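Residue numbers (my numbering): -9 to 405.
Dropping the structure here:
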């Protein structure tokens, strides 16, 4: 019925009628032009927002713009709704914009509001027996006649309550970690004891960056839509204490830990929740100093992996966030572990768990705390020097469980 009313109303409108659309998107004016069946002249004016703290103030500015451009009406998007105001200020209408990303939805809603406005301007015939109706003065939404006309290059900032959705996020800080390796033997009562690598703590620095160029909504506090991330961790002054059972000595040796992770994400927001799906590639490398005793069978590792995972981020307050995530890691390489002179070939796989909390400092800056757990299990088929049951010098190692835990604190900016 609304569409029929719009078509009937447009048949009485001259093609010279002009409608101004305030937007920085080229697809919205074209969508309205198509929905209006080319019966009105749609003109685009690029603008970030209309001046005014209240919607009526912004409507007055829009009316003044219609007058300055000799237009019938002005259409714009305000707080997730399509608004339209006539040049004389006597008619102002609005409706929710269900999908801000779709130009067709905008065009249909704007065309419907325009049709209702045009139809309401046509006087309805009064019954023949009805007495003349008394004239009632209608006060239009008035604009300041002395104010300068809004130009096509308006640079008025949006109100603080309508912050533009962030597209970039960068953060840096420090972390504390603990890593250990468990060596399992087959048979369990092998004559030679396996190496000992209990949990050892160390610290380091971390950097993270993210870019999400096409957010799902123009305004908001969260990264949404398709995007990419990178994270880097580097140990500082890390050491490993190890017992040399063969020579009956103990020493502390330098340990270098370097890790990076590249991820492709899609983040979808539904109410207070953001769902994050990701595919990633990464590396976690552990290298001992060159004078580490060869008699201690703890290998260097360099885990290259492809991963997939998901996370959920919950809005605790307006801008504070709590996140939970999990990932699976398919190992592409493991470093010295799979060398024939060490433990030989086999299969490796891993998983990880993540917990994070984000607390705002300013409208841009925030403080983030994170907890990460990674576990990689490597099983061997027995063709390595230290895993073969046929070798008298073998440790009969059948599996190595490598796990580490990090707790980080970072300061970042989202913009």
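We put the CB at the ideal spot given by N, CA and C, even for glycine.
Here the structure is a predicted model, which is why all the values come from computation and not from measurement.
Checklist entry - Would you call the segment 308 to 319 and the segment 290 to 300 touching, i.e. three or more CB-CB distances under 8 angstroms? => result yes
Next on the checklist: Quick check: what's the CA-CA separation for residue 159 versus residue 219?
Outcome noted: Taking the straight line joining both Cα atoms gives about 9 angstroms.
Checklist entry - What residues in its chain sit with their C-beta under 7 angstroms from that of residue 399, if we drop five residues either side in the sequence? => result So the qualifying residues of the chain are 163, 164 and 359.
Next on the checklist: Give me the DSSP bridge partner(s) of residue 73.
Outcome noted: Per DSSP, the beta bridge partners of residue 73 are 66 and 84.
Checklist entry - Smallest Cα separation from residue 229: which of 263, 254 and 169? => result 169
Next on the checklist: Looking at the strands, I want to know which residues DSSP matches up with residue 418.
Outcome noted: Here the chain comprises residues numbered -9 to 405, so residue 418 is not present and cannot be evaluated.
Item to check | Length of the line joining the Cα atoms of residue 205 and residue 84 | outcome: 24 angstroms
Next on the checklist: Quick check: the Cα distance between residue 212 and residue 195, rounded to an integer number of angstroms?
Outcome noted: 25 angstroms
Checklist entry - Do you know how far the Cα of residue 292 is from the Cα of residue 402? => result Going by the C-alpha atoms only, they are around 29 angstroms apart.
Item to check | Whole-number beta carbon distance between residue 34 and residue 13, since they are thought to touch under 8 angstroms | outcome: 6 angstroms
Checklist entry - For residue 327, which of helix, strand or coil comes out of DSSP? => result Three-state DSSP puts residue 327 in a helix.
Checklist entry - Quick one: what does DSSP say residue 118 is sitting in, helix, strand or coil? => result Unreliable placement is indicated for residue 118, whose pLDDT of 47 sits below 50; the coordinate value is still reported in the next sentence. Looking at residue 118 - three-state DSSP - the assignment turns out to be coil, as it is neither helix nor strand.
Item to check | Spatial distance of residue 375 from residue 191 (CA atoms) | outcome: Taking the straight line from one Cα to the other gives about 30 angstroms.
Item to check | For residue 385, three-class secondary structure by DSSP | outcome: coil
Item to check | 6 angstroms Cβ shell around residue 283 - same chain, five flanking residues per side excluded | outcome: 234
Next on the checklist: If contacts are defined as beta-carbon pairs under 8 angstroms, then residue 155 and residue 93 qualify, I think. What distance do you get, rounded to the angstrom?
Outcome noted: About 18 angstroms; that fails the 8 angstroms criterion.
Next on the checklist: With a threshold of 6 angstroms on Cβ separation, who are the neighbours of residue 174 within its own chain once the five nearest residues in sequence on each side are excluded?
Outcome noted: 388 and 389
Checklist entry - In whole angstroms, what is the alpha-carbon distance linking residue 121 and residue 110? => result Its pLDDT being 49, under 50, residue 121 is placed unreliably by the model, and the measurement read from it follows with that caveat. Distance between the alpha carbons of residue 121 and residue 110 is about 21 angstroms.
Item to check | CA-to-CA distance, residue 30 to residue 50, given in whole angstroms | outcome: 22 angstroms
Checklist entry - What residues are listed by DSSP as bridge partners for residue 276? => result 247 and 291
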